[in-house]
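Trainee: In UniProt numbering, the protein residues as written are 1 to 342. The beta carbon of each residue, even a glycine, is placed where N, CA and C say it ideally should be. Since we're looking at a predicted model, the values are computed, not measured. The structure follows.
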């Protein structure tokens, strides 16, 4: 799939701004961003439900920009599942094949194959109301895959599920995608969900692509300050870039090629450690702390910059008391410098 110079306006509102993106066959891509960033509009353009004002959508080298949804090699799976309550699961899964004119025996065989893929072949004769939310989501996935699309478009498919079930379904979605080899393009606003399932994350903001890359790269070395913030908790440290490097309240750092002027030094909470190895943050006082199982999340006030409150993910073995004094440091390579945004 190739997206070339996509722009779209809703009246005077510029919803998509010069979107250019290449998606490889068999890739799992997430479109990640806050509400109103353009990710759902982009998915609608890919599915043919919205015609872009400018630009092209190529699928398998063919121009699909003005092709109707039913004639595209794509299927869209929505958050509400849109299952037919009066039909059995087998008939729901086979509905697209029925619309395509496939005979009963062939479509039932394909439907059972897809229900087996999602672990629901024993429930083929049940109606949707007899299923849990997670099971209905699996049926919707089976129906979407039954027609063998080149690209499956998923619009917040896990948004209605509770946290435990959502995490289980993330694992299942990724496993099923690997089995069938179909290209998945998945819209979400959940950073953890994107990191759990995607081969590549596309971070969107205000109709533009802010960053795109593997989950590890986008999390550890985001391209922009917005992407850094949106990919998880981030500490912001005021900085000044000069010809000599980057000056902060905690000392000097290399400039990382950032232009001279005001900047922000960003540091993930898990990159802060106790001790004085590496780049010293110095003494800090614990304001409060909470136990999260895998770590303790603490708000700390550094003596070198008492106007700042840093978030630190500390080892889970000892929950620091409010008022405790800690010596903190970090790996200087974990500090990312961004020019001050207007």
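Of all the options 25, 210 and 170, which has the alpha carbon lying nearest to the alpha carbon of residue 195?
Mentor: It is 170 whose Cα lies nearest to the Cα of residue 195.
Trainee: So, at 8 Å on beta carbons, what are the nonlocal neighbours of residue 6 in its own chain, with the 5 sequence-adjacent residues on each side left out?
Mentor: Excluding sequence neighbours, residue 6 sits near 16, 18, 19, 20, 42, 45, 52, 54, 55, 56 and 57.
Trainee: For residue 236, which residues in the same chain have their Cβ closer than 7 Å to its Cβ, ignoring the five residues on either side in sequence?
Mentor: Contacts found: 264 and 266.
Trainee: Here's the rule I'm using: 16 or more other beta-carbon atoms within 10 Å means buried, otherwise exposed. How should residue 92 be labelled?
Mentor: So residue 92 counts as buried.
Trainee: Report the option in 338, 301 and 311 whose CA atom is closest to the CA atom of residue 325.
Mentor: Closest option to residue 325, Cα to Cα, is 301.
Trainee: Take every Cβ of the segment 132 to 152, pair it with every Cβ of the segment 71 to 87, and state whether three or more of those distances are shorter than 8 Å.
Mentor: As far as the Cβ criterion goes, the segment 132 to 152 touches the segment 71 to 87, which means the pair count is three or higher.
Trainee: Would you kindly work out how many angstroms separate the C-alpha atoms of residue 69 and residue 48, rounded to a whole number?
Mentor: In a straight line, the C-alpha of residue 69 is about 5 Å away from that of residue 48.
Trainee: Check the C-beta distance from residue 184 over to residue 154 and give it rounded, since I have them as a contact under 8 Å.
Mentor: 6 Å between Cβ atoms; contact.
Trainee: Curious, which full-length beta strand (DSSP E) runs of at least 3 residues does the segment 192 to 217 contain?
Mentor: Runs of the beta strand (DSSP E) inside the segment 192 to 217: 200 to 205 and 208 to 213.
Trainee: What is the DSSP secondary structure of residue 151, reduced to helix, strand or coil?
Mentor: Residue 151 falls in the strand class under three-state DSSP.
Trainee: Check whether the segment 191 to 205 and the segment 23 to 35 touch, using three or more Cβ-Cβ pairs below 8 Å as the test.
Mentor: Verdict: yes, contact present.
Trainee: Between residue 60 and residue 125, is the Cβ-Cβ spacing less than 8 Å?
Mentor: No, these two residues do not count as a Cβ contact at 8 Å.
Trainee: Assess contact between the segment 232 to 252 and the segment 303 to 322, defined as three or more Cβ pairs (one per stretch) separated by less than 8 Å. Is contact present?
Mentor: Contact holds: three or more Cβ-Cβ distances are below 8 Å.
Trainee: Should residue 186 be labelled buried (16 or more other beta-carbon atoms within 10 Å of its own) or exposed?
Mentor: Buried: at least 16 other Cβ atoms inside 10 Å.
Trainee: What residues match up with residue 325 in a beta bridge as DSSP calls it?
Mentor: DSSP output for residue 325 lists 285 as bridge partner(s).
Trainee: Please name the residue in 287, 227, 299 and 100 whose C-alpha comes closest to that of residue 147.
Mentor: If we check each option's Cα against that of residue 147, 100 comes out closest.
Trainee: Let me confirm a value: residue 288 is counted as buried when at least 16 other C-beta atoms fall within 10 Å, else exposed. Which label applies?
Mentor: Exposed is the call here.
Trainee: In this structure, does DSSP put residue 23 in helix, strand or coil?
Mentor: Residue 23 falls in the coil class under three-state DSSP.
Trainee: Using a threshold of 8 Å, state whether the C-beta atoms of residue 320 and residue 286 are closer than that.
Mentor: Yes, these two residues count as a Cβ contact at 8 Å.
Trainee: Considering just the uninterrupted stretch of the alpha helix (DSSP H) at residue 336, what are its terminal residues?
Mentor: Element bounds for residue 336: not the alpha helix (DSSP H) but the beta strand (DSSP E), 336 to 339.
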